[in-house]
Amino acid sequence: RNLHQDLCHGQLGLCKAMDPIDGKLLLDYLQKVNFRGLSGDNFKFDALGDGPTRYNIIHYKLVSPGKYGWVTVGDYLDGQLNLRRNEIQYSLDHPANPESVCSHPCLEGQAKKLIMGEICCWHCFNCSVYEFVNASDENNCKSCPIFQLPSDNHSHCIHIPEAYIQPDSLLAIGAMAFASVGVLITSLVIIVFVMYGDTPIVRASGKELSYVLLSGVFLCYGCTFIFMLKPTDTVCGLQRFGLGFCFAVIYSALLTKTNRISRIFNAGSSNKRPAFISPRSQLFICSIAVLMQVVVTVLWCMTSPPRAIHHWIQREDNVLVCAASINASYMIAFAYPILLIGVCTIYAFLTRKMPEAFNESKHIGFTMYTTCIIWLAFVPIYFSTANNVQLRITTTAVSISLSATVALVFLYLPKIYIILLHPERNVRQTISKLTKKLPHSKSHLLTTCQMKESATQSEVVFPIDFEFQERLRNISDCGEITHRVTVSTQTSTKETHHTTNSNDKSMSHSRSNSITQPSGPTKDVPDINL
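Per UniProt numbering, the sequence shown starts with residue 1, numbered consecutively.
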C-alpha cells in the first residue's frame with residue numbers, strides 16, 4: 001500500500017512504475033512495516049527480516065493438592081523477559097526451585113576429582129588432617145611440611161608454635177627453687193669454712209679438696225638454671241660441658257680423698273711414706289681426674305657439635321630441644337662420672353672401718369651409697385620419659401641437684417653443726433685416743449716409744465707415722481724416719497692433781513701409756529686428723 005501510494009499516486013491498479021515490481025524496493029518498504037495486528041500486538045520486522053519475538057511462558061505445576069495445571073507466569077517480548085518468580089514452584093511444600101547442575105562447587109579445603117569423560121562434572125573429597133588444597137591446583141591435596149599444620153579451612157599451612165620449658169612453668173619453678181636453696185646453703189658452707197679455716201675440724205677435712213668439692217656442688221646447682229634456658233646452640237654446649245664437669249669435680253675430689261685414706265692405712269707397718277699425699281699432690285691428682293672429663297667433652301663436641309633442633313613425637317608437636325636430650329647421647333657425659341662414682345663407692349666401702357678420728361670415710365660412704373641409689377633410679381626414669389622431653393630435662397636437672405645435695409648434707413652439714421653449735425668439740429683428739437682406735441699395724445708405731453723424763457718435760461722418740469711426717473713437714477727437717485718430738489706433760493686439772501700426788505714410778509708408767517695434747521701453741525703439735 002505504501003509503495004503503491006508513492007509510485008502510482010492514487011491510481012487504481014498497477015501502474016507502469018510497479019510493473020514489474022522492484023523486489024529490492026519492496027523489501028525496503030517491508031522492513032519499515034509497523035502496525036497493530038489482530039491480536040492487539042504491534043508487528044514489525046527486525047533488521048534481519050524476522051518477525052517480532054513474542055512468547056508466553058507457561059508453567060505446569062501443582063495448583064492444589066492432587067491437581068496440576070498450566071499457568072502463565074511471564075512473557076518474552078522483543079528480548080525483554082518478564083517473569084513472575086513468586087508463581088513458579090514445583091511443590092506446594094518446597095517453593096525453592098530445584099537445581100539442575102552436574103556438580104556443585106567444592107567447599108573450602110575440598111579437592112575436585114573429575115569424572116572420567118566429563119570436564120564439568122566432578123566429585124568433591126576432603127583432604128586429610130595434615131593436607132591442604134592449593135588455590136592454583138584444586139584437583140590435588142598437598143601435605144604440609146614438618147612442623148606445620150593446615151589452617152582451619154585447609155587453604156594453606158601455618159607454623160606450629162615452638163614449645164620448650166618456660167621459666168614460669170611449675171616444673172621449671174620447682175627445679176629452680178630447689179637449686180636456689182642449694183646455692184644458698186653451699187654459699188653459707190663456704191663462708192663458714194673461710195671464717196673457721198684454721199680450726200681443727202676444717203683443717204682435718206682438707207681445706208683444699210673441700211673447696212674443690214664445694215665448687216663442684218655449686219656448679220651442679222648452677223646446671224639446673226642452664227637446663228631451664230631456651231635451647232640454643234650455645235646453651236646446648238653449656239649443658240654438655242656442665243653436665244659431666246660438675247660431677248667430675250665432685251667425685252674426683254672424693255676419689256682423691258678416699259684413695260689417700262686407703263693408701264695411708266694400707267701401708268701397714270711399713271716405714272715408707274706413701275707417695276702423693278700432700279695437699280699439693282692431692283690437688284694435682286684431682287685436676288688430672290677432672291681433665292679427663294674435659295677431654296671427653298671436647299672430643300664429643302668436636303665429633304658431634306651441640307645444636308638446638310625442633311623435635312616432634314606426634315605430628316602436632318614442635319618441641320625446641322638440644323639434640324643430645326632426645327636420645328642417649330647424654331650418657332656420654334655421664335659415663336666418666338659413673339666410673340668415678342663406682343670407684344669412690346668401692347674405696348668408701350674398703351675404708352668404712354677407719355677409726356673415729358678418721359670418720360670422714362664413713363660420711364663419704366653414706367654419700368656414695370645414696371648417690372648410687374639416686375643414679376640407679378635416674379637411669380630408668382631418663383629412658384622412660386622419651387615421649388615427654390620437657391619432663392626428661394627437668395628430671396635430669398633435679399637429679400643433678402639431688403646428687404649435689406647428698407654430698408653437701410653428708411659431708412659438710414655435720415661439720416657445720418660442730419663448728420657453729422658445738423665449738424667445744426672442734427679440738428684435736430689426743431694421740432692416746434687415736435691409738436686405741438688404730439689397728440695393730442699402726443698402733444705399734446706409738447707404743448714402742450722410748451721415754452726420757454726430766455724435771456719439766458718429756459721427750460718422746462718414736463718412728464713417726466706418715467701423717468705426722470706430713471704435718472711436721474713445715475715445722476722441722478723431716479728427712480729422717482725417727483724424730484724427736486717435745487710434748488708437754490701438762491694435762492687437765494684432774495690429771496695434773498693426780499700426777500702430783502703419785503710417785504715417780506707411777507708417773508713414768510702413766511706417761512708411757514698416754515701421750516696427751518699439749519697446752520702450748522698448736523703450731524708445735526702435729527695434727528693427726530685426716
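Cβ coordinates follow ideal geometry from the N, Cα and C atoms, glycine included.
Give me the residue from the options with the minimum Cα distance to residue i.
i           : options                : result
T72         : D78, N86, Q80          : N86
I400        : E208, I250, N318, F35  : I250
residue 531 : S143, H159, C220, M18  : Since the displayed the chain opens at 1 and closes at 530, residue 531 lies outside it and no answer follows.
L48         : N56, D28, V63          : D28
residue 533 : K362, T367, A397, L209 : Outside the modelled stretch of the chain, which goes from 1 to 530, sits residue 533, for which no answer is possible.
C223        : P423, V63, S403        : S403
S281        : G66, E208, K272        : E208
K353        : S262, K67, V63, L283   : S262
F35         : H9, I57, N2, L62       : N2
P414        : H363, A377, G117       : H363
L411        : L339, G206, K272, F265 : G206
E131        : G74, V298, E316        : E316
V101        : W122, M195, L170, L283 : W122
F276        : R260, I288, S215, E118 : R260
L62         : H94, G40, Q11          : H94
G79         : G51, P98, H9           : G51
T186        : R425, P306, S215       : S215
N388        : I313, I115, H4, I288   : I313
H422        : E360, V181, N318, I201 : I201
L339        : V427, A289, S361       : A289
V298        : A333, R273, T385, I226 : A333
G365        : A377, V343, H310       : V343
M427        : A204, F218, P279       : Inspection of the sequence shows that residue 427 is occupied by Val rather than by Met. Of the listed residues, the one whose Cα sits closest to V427 is A204.
D137        : S64, K113, S384, A386  : K113
F225        : V181, M195, G23        : V181
L283        : Y330, N82, F227, S210  : S210
L149        : T385, N318, Y330       : N318
C322        : S64, F227, D41         : F227
P20         : H4, G10, G40           : H4
K67         : L77, L92, L171         : L92
Measure the CB-CB distance between residue i and residue j and report whether it falls below 8 Å.
i    : j    : result
A111 : N153 : no
L408 : V189 : yes
G109 : V129 : no
I160 : F147 : yes
Q31  : F45  : yes
C144 : C157 : yes
Y336 : A248 : yes
W375 : I416 : no
Y55  : W70  : no
A253 : C286 : yes
A308 : L320 : yes
T345 : M368 : yes
P306 : C236 : yes
A17  : L7   : yes
I264 : P279 : no
Following a CB-centred definition, is residue i positioned closer than 7 Å to any heavy atom of the ligand GDP?
i    : result
I115 : Among the ligands in the structure shown, none appear at all, so the ligand GDP cannot be discussed.
Throw me the rounded Cβ distance for the residue i and residue j pair, which I believe falls under 8 Å.
i    : j    : result
T256 : I419 : Rounded, the Cβ-Cβ distance is 23 Å, inconsistent with contact.
C124 : C141 : Between C141 and C124 the Cβ distance is about 12 Å, and since that is not below 8 Å, they are no contact.
F245 : V294 : 7 Å
Y347 : T405 : Not a contact, Cβ separation roughly 22 Å.
D75  : I88  : Wrong, their Cβ atoms sit about 14 Å apart, outside the cutoff.
Could you tell me whether the segment 225-238 touches the segment 162-180, using the rule of 3 or more Cβ pairs below 8 Å?
yes
I'd like to know if the segment 235-249 and the segment 187-201 are in contact, where contact means that at least 3 CB-CB pairs between them fall below 8 Å.
no
State whether the segment 323-341 contacts the segment 389-396, with contact taken as three or more CB pairs (one from each stretch) at a distance under 8 Å.
yes
Please give me, in chain order, every unbroken run of the alpha helix (DSSP H) with length at least 4 that falls completely inside the segment 324-368.
330-350
Counting only runs that start and end within the segment 5-81, where is the beta strand (DSSP E) found for 3 or more residues in a row?
You should have 34-36, 42-44, 54-64, 67-77.
Segments assigned beta strand (DSSP E), at least 3 residues, entirely inside the segment 276-323
308-311, 319-322
As an exercise, report each continuous alpha helix (DSSP H) stretch of at least 4 residues that is fully enclosed by the segment 173-211, in chain order.
200-204
Jot down the residue ranges of each uninterrupted beta strand (DSSP E) in the segment 108-165, minimum 3 residues, whole runs only, in chain order.
Runs of the beta strand (DSSP E) lying entirely within the segment 108-165 and spanning at least 3 residues, in chain order: 110-114, 122-126, 131-134, 137-143, 148-150, 157-159.
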